[in-house]
Amino acid sequence: MSRSHGSSSAGRAIAVVADIMAFILGLWILMYLLDANRANDLVQFVHDAANWLAGWSRDLFTFDEDWARVVAGYGLAAVVYLFIGHAIANRLGRR
Numbered sequence: 602m603s604r605s606h607g608s609s610s611a612g613r614a615i616a617v618v619a620d621i622m623a624f625i626l627g628l629w630i631l632m633y634l635l636d637a638n639r640a641n642d643l644v645q646f647v648h649d650a651a652n653w654l655a656g657w658s659r660d661l662f663t664f665d666e667d668w669a670r671v672v673a674g675y676g677l678a679a680v681v682y683l684f685i686g687h688a689i690a691n692r693l694g695r696r
């Protein structure tokens, strides 16, 4: 196995993980906006995972509207994970 092949595989893995993290955050935003039943196990799992992933950003903004805080806080985390994950993946792919 060549070094460049391993680097591109690692880059793809990092990009996939970043995509999954952003998907979970986006899914929670959608569930929140559609007023999903929080007693449902799937909704609770997505909410817990999104809270963990966005722990650093979910209370960053203080908009008056709850939906705006959720979209901004969780959305920021999703964008940051996508940006950083794909930047690292591209960097590894160039080696």
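Those letters in the sequence shown? Residues 602 to 696, per the working numbering, in order.
Just so you know, even glycine gets a beta-carbon here, dropped at the ideal spot from N, CA and C.
Remember, predicted model here, so these are calculated numbers, not experimental data.
- The beta carbon of Y682 lies closer than 6 Å to those of A619, M622 and A623 in the same chain, with the five residues before and after it left out.
- Under the three-state reduction of DSSP, S609 is assigned to helix.
- With a contact defined as Cβ atoms closer than 8 Å, L693 and A611 qualify at about 5 Å.
- Two segments are said to touch when three or more pairs of C-beta atoms, one from each, lie closer than 8 Å; by this definition the stretch 635-647 does not touch the stretch 660-677.
- In this structure, L626 places its C-beta atom within 8 Å of the C-beta atom of A651.
- The closest CA to that of H648, considering only V617, I615, I630 and S658, is found on I630.
- The C-alpha of A614 is placed about 15 Å away from the C-alpha of R695.
- Per DSSP, reduced to three states, the secondary structure at G656 is coil, with no helix or strand assignment.
- The alpha-carbon of V617 is positioned some 12 Å away from that of I689.
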